[in-house]
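Below is one structure, written out as structure tokens; the observations come after it.
Residue numbers (this note's numbering), protein chains in the order written: chain A, 186 to 521; chain B, 15 to 241.
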């Protein structure tokens, strides 16, 4: 089964070709980060305008890379939600119309399902069941995953996503948007222990998160300290230590509560080195296994969408349905 | 020549098939749910015309100006359809399509652009084609450029939404108004046919909406200046 995947839920246009026999054949991505940088954040209308310019060139790129023709497609998969409505609609319109013209089904995929199944594309794929930590600029959730389509929400952030906290901390430290990765880099040169920031909800005895208070703590700390580079690095370090501690503690707690043994980490923040080191160490101590997607598939991408469609429709594709709509807000546990 | 035309710049969803000079069309009010209707409507037209994708030579779409999301639905659908078989695509002005819909010879078009503005232009019929008498703009109704001479027909919902501002502004120039006239896919098809025949169709990747309203956000430095 050959599937073209289309992802356009936020500020990355991703296209990919996945073959259920041969695996991932090609994927291509255009990030709009540089475009939104000037505005200090993602401008939804600009994101939509850019997606529509990128989709066809990227589709051509993956077809050429894979050496396949469009008429060999069995289906087109697209991100139906959650995400920016206008951005999602570009992918939906293109995918549905292409599929209609080719006489194959177009299937809508939940963006987070794409992320949480993406570690199964890696060289060391996890077996079901597992606990999944979805952690990105838009999401921070723990899920119990017992199989494809079986997702139970265990806990999630009550306010900011972890990645959002990284970006906001970056802004407070004077780093350009999107500052998350820059904060991580700065934290690497920071001294641990000079500052101590709160670990929000670490002792809350549930699997919920909260990161907006941490951002405020960073702001107060930054204001009370000199603005030299070394101090900023130490603040970044204190911030990252706090986030990592919370994420690691909640993941371990989720594994214990569910009596599961495998943890899957997905989403952009899943690429954070200190988080990976922290999770690996804690898991090793407690006898759990941790799985990550390949680094290049941590960001949004089309490969995870094509792959999720291939798994979901393994037993046979649905009949073509030519209507399309998107779901900007869509809970994953309802996608099963 | 056979081609499909799509126009979704307003709250209407309008689809047409051009079959060697004959037009079949369908339209319905869709709000902002054009995605639910556009392909099923095209499917219906294919069935009625006894045509399929393999019989098409091109795709035409109403490129705007109009509702941003609607423009991208028309453009995205045109791209998806055209890409499947490397068909040429042509975008047609939604304002010109409104003029074409009027059947008149001198037309001022004003479509509601929200935010107290209209998408605005004027066209004159010359040698069977439309000549732009005023450039396409997005403008406050009371600032709209006045077309030369008299005998103009005012078309588009801008003339009802901003009747109190456009009416006085264009006093003496308008013969009558027809606010109920709207862009349709069959008008898009009639405008697209000679251009496609002249080889003006583009590669699907180059199909793009014509927004006019391009300044839609302030950069960080502009936001700083505003404080």
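Built from N, CA and C at the ideal position, the CB exists for glycine as well.
Alpha-carbon spacing of residue 23 of chain B relative to residue 85 of chain B, whole angstroms: Position 9 of the second chain, counted from the first residue, corresponds to residue 23 of chain B. Position 71 of the second chain, counted from the first residue, corresponds to residue 85 of chain B. Taking the straight line joining both Cα atoms gives about 5 angstroms.
Using a C-beta to C-beta distance shorter than 7 angstroms, which residues of chain A count as neighbours of residue 54 of chain B? In the second chain, the residue the question calls residue 54 of chain B occupies position 40. Going along chain A in sequence order, the residues near residue 54 of chain B (Cβ under 7 angstroms) are 507, 508.
Closer than 7 angstroms to chain A by CB, residue 48 of chain B: Along the second chain, one-based indexing puts residue 48 of chain B at 34. With a threshold of 7 angstroms between beta carbons, residue 48 of chain B makes no contact with chain A.
Beta-carbon proximity list for residue 419 of chain A, same chain, < 8 angstroms, skipping 5 on both sides: Against the first chain, residue 419 of chain A aligns to sequence position 234. Correct list, in chain order: 375, 376, 379, 380.
So with CB distances below 9 angstroms, who are the chain B contacts of residue 242 of chain A? Taking the first residue of the first chain as position 1, residue 242 of chain A is located at position 57. Chain B residues near residue 242 of chain A: 219.
List, in order along the chain, the chain B residues whose C-beta lies closer than 9 angstroms to that of residue 353 of chain A? Residue mapping note: residue 353 of chain A aligns to position 168 of the first chain, counting from 1. Under the 9 angstroms cutoff, chain B gives no residues; its nearest Cβ is about 14 angstroms from residue 353 of chain A.
Is there a C-beta anywhere in chain A that falls below 7 angstroms from the one on residue 131 of chain B? As a first step, residue 131 of chain B is located in the second chain; it is residue number 117 there, counting from the start. Residue 131 of chain B does not count as touching chain A.
Beta-carbon of residue 285 of chain A versus every beta-carbon of chain B: anything under 7 angstroms? As a position in the first chain, residue 285 of chain A is number 100, starting the count at 1. Output row for residue 285 of chain A: interface = yes.
In whole angstroms, what separates the C-alpha of residue 404 of chain A from that of residue 357 of chain A? By 1-based counting over the first chain, the position of residue 404 of chain A is 219. By 1-based counting over the first chain, the position of residue 357 of chain A is 172. Rounded to the nearest angstrom, the two C-alpha atoms are 6 angstroms apart.
Kindly identify the DSSP beta-bridge partner or partners of residue 294 of chain A. Reading the first chain from its first residue, position 109 is the one you call residue 294 of chain A. DSSP, once it has assigned bridges, lists A/264 as partnering residue 294 of chain A.
In the DSSP assignment, what residue or residues form a beta bridge with residue 191 of chain B? Taking the second chain and counting its residues from 1, the one referred to as residue 191 of chain B is at position 177. In DSSP, residue 191 of chain B forms a bridge with B/168.
What I want to know is whether the C-beta of residue 268 of chain A ends up closer than 6 angstroms to one or more non-hydrogen atoms of the ligand ATP. In the structure shown, the ligand ATP is absent, as is every other ligand, since no ligand is present at all.
What residues in the region 151-162 of chain B have a beta carbon less than 8 angstroms from any beta carbon of chain A? Going along the region 151-162 of chain B in chain order, one finds no residue with a Cβ nearer than 8 angstroms to chain A.
Go through its chain and collect everything with a Cβ distance to residue 372 of chain A's Cβ below 6 angstroms, but skip five positions before and after it. Position 187 of the first chain holds residue 372 of chain A. Excluding sequence neighbours, residue 372 of chain A sits near 421, 422, 425.
7 angstroms Cβ cutoff met for residue 410 of chain A and residue 416 of chain A: Working through the first chain from its first residue, we reach residue 410 of chain A at position 225. Working through the first chain from its first residue, we reach residue 416 of chain A at position 231. Yes, Cβ-Cβ distance for residue 410 of chain A and residue 416 of chain A is below 7 angstroms.
8 angstroms contact criterion, which residue 454 of chain A and residue 320 of chain A should meet: CB distance rounded: Reading the first chain from its first residue, position 269 is the one you call residue 454 of chain A. Reading the first chain from its first residue, position 135 is the one you call residue 320 of chain A. The pair is a contact, with the Cβ atoms about 4 angstroms apart (cut-off 8 angstroms).
Residue 220 of chain B to residue 92 of chain B, Cα distance in whole Å? Taking the first residue of the second chain as position 1, residue 220 of chain B is located at position 206. Taking the first residue of the second chain as position 1, residue 92 of chain B is located at position 78. Distance between the alpha carbons of residue 220 of chain B and residue 92 of chain B: 11 angstroms.
Are the beta-carbon atoms of residue 449 of chain A and residue 278 of chain A separated by less than 7 angstroms? For this step, residue 449 of chain A is matched to residue 264 along the first chain. For this step, residue 278 of chain A is matched to residue 93 along the first chain. Not a contact, by the Cβ cut-off of 7 angstroms.
is_contact[residue 242 of chain B, chain A] using C-beta, thresh 7 angstroms: Residue 242 of chain B is absent from the structure shown; chain B starts at 15 and stops at 241.
Cβ closer than 7 angstroms: which chain A residues qualify as neighbours of residue 57 of chain B? The sequence position of residue 57 of chain B within the second chain is 43, counting from 1. Within chain A, the residues near residue 57 of chain B are 507.
Got a sec: is the Cβ-Cβ distance from residue 230 of chain B to anything in chain A below 7 angstroms? By 1-based counting over the second chain, the position of residue 230 of chain B is 216. Yes, residue 230 of chain B counts as interfacial toward chain A.
What do you reckon, are the CB atoms on residue 302 of chain A and residue 493 of chain A nearer than 7 angstroms? Residue numbering aside, residue 302 of chain A sits at position 117 when the first chain is read from its first letter. Residue numbering aside, residue 493 of chain A sits at position 308 when the first chain is read from its first letter. Going by C-beta atoms, residue 302 of chain A is nearer than 7 angstroms to residue 493 of chain A.
Tell whether a beta-carbon distance below 7 angstroms holds between residue 112 of chain B and residue 78 of chain B. Position 98 of the second chain holds residue 112 of chain B. Position 64 of the second chain holds residue 78 of chain B. Not a contact, by the Cβ cut-off of 7 angstroms.
Since residue 352 of chain A is in the alpha helix (DSSP H), which residue starts that stretch and which ends it? As a first step, residue 352 of chain A is located in the first chain; it is residue number 167 there, counting from the start. Here the alpha helix (DSSP H) through residue 352 of chain A covers 347-357.
Is the shortest distance between the beta-carbon of residue 279 of chain A and the beta-carbons of chain B less than 7 angstroms? Your numbering for residue 279 of chain A matches position 94 in the first chain. So, interface residue.
How should residue 504 of chain A be labelled, buried or exposed, when 16 other C-beta atoms within 10 angstroms of its C-beta is the threshold for buried? Taking the first chain and counting its residues from 1, the one referred to as residue 504 of chain A is at position 319. Per the 10 Å Cβ criterion, exposed.
Among A/222, A/264, A/227, which one has its Cα closest to the Cα of residue 487 of chain A? Counting from 1 along the first chain, the entry for residue 487 of chain A is found at position 302. Answer by Cα proximity: A/264.
Would you mind stating whether residue 201 of chain B and residue 131 of chain B have Cβ atoms separated by less than 7 angstroms? By one-based count along the second chain, residue 201 of chain B stands at place 187. By one-based count along the second chain, residue 131 of chain B stands at place 117. No, these two residues do not count as a Cβ contact at 7 angstroms.
Judging by CA-CA distance, which residue of A/359, A/333, A/286 is the nearest neighbour of residue 225 of chain A? Within the first chain, the letter at position 40 stands for residue 225 of chain A. If we check each option's Cα against that of residue 225 of chain A, A/359 comes out closest.
Consult DSSP for residue 230 of chain A and reduce its assignment to one of helix, strand or coil. Mapped onto the first chain, residue 230 of chain A falls at position 45. Correct three-state label for residue 230 of chain A: helix.
In angstroms with no decimal places, state the Cα-to-Cα distance between residue 200 of chain A and residue 192 of chain A. Numbered from its first residue, the first chain carries residue 200 of chain A at position 15. Numbered from its first residue, the first chain carries residue 192 of chain A at position 7. Going by C-alpha positions, residue 200 of chain A is about 6 angstroms away from residue 192 of chain A.
Is residue 194 of chain A close to chain B, meaning its C-beta is less than 7 angstroms from at least one C-beta of that chain? Counting from 1 along the first chain, the entry for residue 194 of chain A is found at position 9. With 7 angstroms as the cut-off, residue 194 of chain A does not count as an interface residue toward chain B.
Could you tell me whether the region 187-201 of chain B touches the region 25-45 of chain B, using the rule of 3 or more Cβ pairs below 8 angstroms? yes
Within the region 472-506 of chain A, note down every full alpha helix (DSSP H) run reaching 4 residues or more, in order along the chain. 488-497
Keeping to the same chain, check which residues put their C-beta closer than 8 angstroms to that of residue 406 of chain A; ignore five residues upstream and five downstream. As a position in the first chain, residue 406 of chain A is number 221, starting the count at 1. So the qualifying residues of the chain are 380, 382, 420, 423.
If we call anything under 7 angstroms between Cβ atoms a contact, is residue 203 of chain B one with residue 37 of chain B? Taking the first residue of the second chain as 1, we reach residue 203 of chain B at position 189. Taking the first residue of the second chain as 1, we reach residue 37 of chain B at position 23. Going by C-beta atoms, residue 203 of chain B is nearer than 7 angstroms to residue 37 of chain B.
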